[in-house]
Amino acid sequence: MYDVIVVGGGPTGFVTALGLAQAGADVLLIEAGEAIIDSPRAAVYHWSVLDGLERLGIREEAQRIGFAKRDYLWLVRKTGERIAYDLSVLEGTTAFPYNIHLGQDRLAGLARDRLALLPNAEVRFGTRLRQLTQDAGGVTLTTSNGEELRARWVVGADGAGSTVRKELGLGFDGMTWPERFVATNLYHPFESADYGLSTMVIDDRWGAVIVKIAPDGLWRCTYMEDAALPEASFLDRIPAAYEHLLPGDGGYRLDRAAPYKMHQRCAETFRKGRVLLAGDAAHVTNPTGGFGLTTGLFDAFSLWPTLAAVVLEGAVPTLLDRWAEDRRRIYLERTSPQAVAYKRFVFHANGGGAELEAALQGMRAMAADPDVRLQRLMFVKSLETPSPAEVQMA
Ligand SMILES: Cc1cc2nc3c(=O)[nH]c(=O)nc-3n(C[C@H](O)[C@H](O)[C@H](O)COP(=O)(O)OP(=O)(O)OC[C@H]3O[C@@H](n4cnc5c(N)ncnc54)[C@H](O)[C@@H]3O)c2cc1C
307 MYDVIVVGGG PTGFVTALGL AQAGADVLLI EAGEAIIDSP RAAVYHWSVL
357 DGLERLGIRE EAQRIGFAKR DYLWLVRKTG ERIAYDLSVL EGTTAFPYNI
407 HLGQDRLAGL ARDRLALLPN AEVRFGTRLR QLTQDAGGVT LTTSNGEELR
457 ARWVVGADGA GSTVRKELGL GFDGMTWPER FVATNLYHPF ESADYGLSTM
507 VIDDRWGAVI VKIAPDGLWR CTYMEDAALP EASFLDRIPA AYEHLLPGDG
557 GYRLDRAAPY KMHQRCAETF RKGRVLLAGD AAHVTNPTGG FGLTTGLFDA
607 FSLWPTLAAV VLEGAVPTLL DRWAEDRRRI YLERTSPQAV AYKRFVFHAN
657 GGGAELEAAL QGMRAMAADP DVRLQRLMFV KSLETPSPAE VQMA
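For the sequence shown, the numbering used here gives the first residue as 307, with consecutive numbering after it.
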């Protein structure tokens, strides 16, 4: 019997498993795929999650294989206005006053490599959870290989379509957007057009989030198209979209691209008995602002110490209810509303009238006034909640 089985080898699952294993729990992580999935998704780790990565001993390596960056640019197509600022105002407030840009598969890979060094951790790829039942003593998982696995606790980190969540019979209330997001990785000289390393292009038709994601000059350009267009032919439409989106001279080379259906949805609870939900299995958001995995990482950073205290030190399991309530509240009250507001700002230019002007006033104040900037930059820190077990011990 394992102490904990983590279902899902995305970044949330691997980070949670690493924390638990480093704390001394016997952990098994099962992942349906034969390898870590490398579709183009999260690429930006806000400064606020770097303490949590540091605690796990993977911040430095993440920074080395990705890169640190501080600057932001908001480009308003309608007026040509450029609103720029950086994160230097955070110096003295945090040990790591910068963001790291790195594909989420690389972050998950880092955690996997560290897990491989621990005798109390095991990872099985090509192992899909099919069924889950629980009783007073533990949880039984049946896998696609017909195997039965048993653990005292289970963490469902198996993404938006979570089998764990479905097996628990939990609702996933919310809405699905009528637009499709298209995430493309490409080589193009955005710097020649003075784009910042994170550039938000604000426009009601060709809004985009454009971010440099690798030191070798690879960029991510994410834009939207009508979800009524056939998904199968999304690749054929990229050259026409790029005519509106790429500012630099010198053409482009497309590296990879993927279409995404986008939702704002949240599980009705993040704990049922001996099973916890974290990351996209618990909550999903449109990616504007980069709050999805940020919230998932904060789930993981407060879950692993709490679960480790329950498993290893006999702490009361009700601490996990507290964790579940905290994390659900953060998604509903902070992550989702802000991601919705950013989507409307970047991809719909807030309707173009007074509402746009009000939002731009806010951005201008942020660029001009360090106090406003610091206050607004703290938003990504407010997505964090402490481990209830560590609060109790303090
Ligand atoms: C275009 C785009 C850009 C984004 N950019 C950002 C960003 O910059 N910053 C940010 O914070 N967020 C961003 N996000 C959101 C981010 O990608 C997700 O929040 C993140 O993937 C969640 O990680 P996860 O580990 O919870 O789930 P996932 O990454 O979905 O991982 C789940 C894993 O579980 C496995 N699995 C599924 N079912 C089973 C099963 N039955 N048994 C075993 N394994 C199973 C899957 O194979 C998968 O490997 C972006 C999303 C998109 C689409």
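C-beta atoms are modelled at their ideal positions from N, C-alpha and C, and glycine is treated no differently.
Find the nearest neighbour of residue i within the set the options, judged by alpha-carbon distance.
i    : options                   : result
Q440 : E454, F604 and R430       : E454
P692 : T612, A647, F651 and G659 : T612
E428 : N405, L438 and I336       : I336
H533 : G554, M506, M568 and D561 : The sequence shown places Ala at residue 533, not His. Nearest option by C-alpha distance: M568.
E531 : F478, R511 and P694       : R511
K518 : S394, I311 and H407       : H407
W483 : F653, I311 and G363       : F653
S608 : G314, I636 and R436       : I636
L551 : R526, E661, S642 and A514 : A514
K375 : L413, L435, S504 and T400 : S504
P403 : Q369, R430, G657 and V488 : Q369
E537 : Y558, D522 and P565       : P565
M684 : G659, V470 and T399       : T399
P495 : P553, L362, A520 and R571 : P553
D542 : D522, R526, G557 and A563 : A563
P346 : Q328, H352, S354 and L413 : L413
R471 : M481, Q437 and D411       : Q437
E367 : G415, E397 and D344       : G415
L680 : G596, S354, T641 and I516 : S354
A348 : E574, G409, A647 and C527 : G409
L424 : R458, V333 and F478       : V333
D627 : Q328, F320, E574 and I544 : E574
S642 : A588, N405, Q667 and S498 : A588
Starting from residue i, trace the alpha helix (DSSP H) in both directions and tell me its first and last residue.
i    : result
A611 : It should be pointed out that residue 611 corresponds to Pro in this sequence rather than to Ala. Here the alpha helix (DSSP H) through P611 covers G598 to E619.
Y391 : Unbroken run through Y391 is the beta strand (DSSP E), E387 to D392; no alpha helix (DSSP H).
P676 : P676 to L683
A401 : Careful: A401 lies outside any alpha helix (DSSP H) and carries neither H nor E.
V382 : Not the alpha helix (DSSP H): V382 falls in the beta strand (DSSP E), residues D377 to V382.
K687 : First-last for K687: undefined, no H or E at that position.
H654 : S642 to H654
V355 : No alpha helix (DSSP H) contains V355, which DSSP labels as neither H nor E.
A323 : P317 to A329
A368 : R365 to I371
V429 : Per DSSP, V429 belongs to no alpha helix (DSSP H); it is in the beta strand (DSSP E), A427 to R430.
L421 : Q410 to L421
V697 : P694 to M699
L625 : T624 to I636
If I measure Cβ to Cβ from residue i and keep anything under 6 Å in the same chain, skipping five residues before and after, which residues do I get?
i    : result
G579 : Q440
D586 : G465 and A466
R633 : F576 and D605
E485 : M530 and A533
R365 : L356 and L359
L324 : L362, A417, R420 and L421
A338 : R434
G330 : L618
L662 : A655 and N656
G602 : T318 and G585
Could you please give the first and the last residue of the uninterrupted beta strand (DSSP E) stretch that includes residue i?
i    : result
I336 : V333 to I336
I544 : Looking at the DSSP string, I544 is not in any beta strand (DSSP E); the run it does join, the alpha helix (DSSP H), is F540 to L551.
L524 : L524 to D532
M568 : R559 to A573
V581 : V581 to L583
V395 : Neither: V395 is in no beta strand (DSSP E) and is coded neither H nor E.
Note down, in chain order, each residue of its chain lying with its Cβ closer than 8 Å to the Cβ of residue i, except the 5 sequence neighbours on either side.
i    : result
R456 : M307, Y308, G444, V445, T446 and L447
A392 : Reading off the sequence, residue 392 comes out as Asp, not Ala. Cβ neighbours of D392 beyond the five flanking positions: R376, D377 and Y378.
Residue i: buried (16+ other C-beta within 10 angstroms of its C-beta) or exposed?
i    : result
V697 : exposed
P694 : buried
N451 : exposed
M699 : exposed
M669 : buried
S394 : exposed
S468 : buried
T624 : exposed
T385 : exposed
M506 : buried
Please list, in chain order, all residues of the same chain as residue i whose beta carbon is under 7 Å from its beta carbon, the five residues on each side excluded.
i    : result
T322 : V312, V461, A463, A584, A606, L609 and W610
L524 : N491, Y493 and D561
G432 : E340
I508 : W380, L381, V382, R383, F651, V652 and A655
R388 : L379 and L381
A665 : F651 and N656
G502 : D377, Y378, L379 and A390
S688 : R640
Just checking: is the beta-carbon of residue i within a distance shorter than 8 Å of some beta-carbon in chain C?
i    : result
P611 : The structure shown has no chain C; it contains just one protein chain.
Does at least one heavy atom of ligand 2 sit under 7 Å from the Cβ of residue i?
i    : result
P643 : Absence of ligand 2 is noted for the structure shown, with ligand 1 being the only ligands found.
**OP:** Would you list, in sequence order, the uninterrupted beta strand (DSSP E) runs of no fewer than 3 residues that lie entirely inside the stretch 432-514?
**Re:** 435-440, 445-449, 454-462, 478-493 and 504-508
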